[in-house]
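These notes concern the structure reproduced below.
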Amino acid sequence: MSLGRFPAIRPRRNRYDAWTRRLVAEHRLSIDDLIWPVFIAEGTNRLTDVAAMPGVQRATLDRLVAHVGQAAELGIPAVALFPATPAELKDAEGSESGNPDNLICRAARLLKQAFPQLGLIGDVALDPYTDHGHDGVIRNGYVANDETLAVLTRQAVIQAEAGIDVIAPSDMMDGRVGAIRAALDDAGLIHTRVMSYAAKYASAFYGPFREAVGSARALTGDKKTYQMDPANSDEALREVALDLGEGADMVMVKPGLPYLDIIRRVHERFGVPTFAYQVSGEYAMIMAAVQNGWLDHDAAMLESLMAFKRAGAAGVLSYFAPAAARLLRGG
Ligand code: PBG
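Residue numbers for the sequence shown follow my numbering, so the first one is 510 and each next one is one higher.
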């Protein structure tokens with residue numbers, strides 16, 4: 510009988526019963542890993558469904574405390590707020606992004622007061638506010654980098670002043686992390702963290718989100734001159750290195766499951782808190798299969814979230830956050 514191979518070696522022994530499997534598990538998913546993206550809308554007393562995201566709703570401000578209360582009660586550490594801006598408030602420059610009384614600022618003040626212990630993450634980019642749906646301002650047919658920075662820094666400062674704890678720039682302009690960090694510091698907001706969407710790809714998987722925030726119909730063209738090419742991986746490391754150098758406290762890779770290789774590389778190279786965004790299209794795919802009876806909701810959800818932990822993510826932004834937290838808590 511030869512040692513070092515079968516039949517002496519049987520990896521299945523460690524899978525024999527549930528308690529052994531628990532003991533040898535290399536990674537764990539906990540409620541502490543979850544960030545819940547929340548859509549907010551103008552109006553009163555409405556929770557409206559997002560068609561391509563079954564189970565996801567936009568809440569008006571009067572319903573927001575109860576809506577987000579679920580997350581707070583479940584112990585989810587943070588929510589990421591996304592406003593659906595009414596078309597009449599959109600313009601080419603995204604001016605509403607700098608209004609201290611805009612939807613996200615009002616939401617932040619409300620939530621900070623209701624749930625002082627809940628982390629609030631604010632997306633910084635112009636697409637919810639521009640009538641062309643791009644993340645920056647357009648000059649000569651091109652999304653202009655440096656002109657956009659000035660608008661983004663104001664957006665970041667007013668959000669932080671309204672109670673947003675973590676500024677999350679999702680615009681992919683060059684130099685925005687440094688510009689935002691400097692503007693926050695100048696305003697005395699030294700504790701406001703920056704979670705940069707460092708490696709954000711020009712992806713087809715954002716479709717349902719654009720419907721949810723109402724930028725889909727507005728969007729002309731694509732975002733390939735600023736979001737990354739899905740063919741690239743080394744470039745993601747460069748983007749992350751730049752953002753860390755400019756002061757990012759945490760970095761993000763987006764989308765999630767199709768880009769696990771990037772999460773792994775970023776985590777291994779930099780060893781900084783690296784987050785994954787399981788985006789709207791990923792959620793939509795799983796839910797569509799669930800609704801057809803083709804996948805088991807709970808199992809598919811937990812397996813997809815565990816994959817992020819295995820890849821090295823510190824946490825995951827996921828529309829599944831409340832459902833996953835409920836399961837992890839035990840029902
Ligand atoms: C805005 C932004 C997008 C997402 C998050 N922030 C859309 C985009 O870049 O077009 C997508 C999130 C999702 O699909 O769940 N800059």
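Using N, Cα and C, we set each Cβ at its ideal position, and we do this for glycine too. All figures in this text were calculated on a predicted structure; none of them were measured in a lab.
Judged by DSSP in its simplified three-state form, Tyr525 adopts coil rather than helix or strand. DSSP places Asp558 inside the beta strand (DSSP E), whose first and last residues are Leu556 to Asp558. Straight-line measurement puts the Cα of Ala517 at about 42 Å from the Cα of Val762. Note that the C-beta distance between Ala707 and Ala757 is below 8 Å. Pairing Arg572 with Leu556, the inter-Cα distance amounts to about 7 Å. With contacts defined as CB atoms closer than 8 Å, Gly642 and Ser712 fail to qualify as a contacting pair. Our two residues, Val781 and Tyr525, have alpha carbons roughly 36 Å apart in a direct line.
Taking a cut-off of 8 Å for Cβ pairs, the segment 768–781 and the segment 677–686 do not touch, as fewer than three such pairs fall below it. In chain order, Gln736, Met737, Asp738, Pro739, Lys763, Pro764 and Tyr768 place their CB closer than 8 Å to the CB of Tyr710, counting only its own chain and leaving out the 5 sequence neighbours on each side. Secondary structure remark: continuous beta strand (DSSP E) runs of at least 3 residues inside the segment 556–601, in chain order: 556–558, 566–569 and 587–593.
Phe591 counts as buried, since at least 16 other C-beta atoms from the protein chains shown sit within 10 angstroms of its C-beta.
Ranked by Cα distance from Gly697, the options Val666, Ser742, Ala727 and Pro717 are led by Val666. Secondary structure note for Asp632: its beta strand (DSSP E) is the uninterrupted segment Gly628 to Val633. Assignment of Met796 by DSSP, reduced to helix, strand and coil, places it in the helix class. Not one heavy atom of ligand 1 lies closer than 7 Å to the C-beta of Ala797. Sequence-distant partners of Phe515 (beyond 5 residues in either direction) whose C-beta falls short of 7 Å from its own C-beta are missing from its chain. Between Gly631 and Ala677, the C-beta gap is smaller than 8 Å, which places the two residues in contact. The three-state secondary structure of Val686, taken from DSSP, is helix. Counting other Cβ atoms within 10 Å of its Cβ, Leu627 reaches 16 or more and is therefore classed as buried. In this structure, Met682 is the residue among Gln664, Thr662, Met682 and Asn801 with its C-alpha nearest to the C-alpha of Asn654. With respect to Leu811, Ser827 sits apart: the two C-beta atoms are not nearer than 8 Å. In the three-state reduction of the DSSP assignment, Val646 falls in the coil class. Here Leu620 is buried. Its C-beta has 16 or more other C-beta atoms within 10 Å. In the assembly as shown, Tyr786 is a buried residue. Its beta-carbon has 16 or more other beta-carbons within 10 Å. For Lys763, the enclosing beta strand (DSSP E) starts and ends at Met759 to Lys763. Taken atom to atom, the span from the alpha-carbon of Lys818 to that of Leu538 is near 7 Å. The Cβ atoms of Val559 and Ala721 lie closer than 8 Å to each other. Going by C-alpha positions, Thr553 is about 56 Å away from Arg521.
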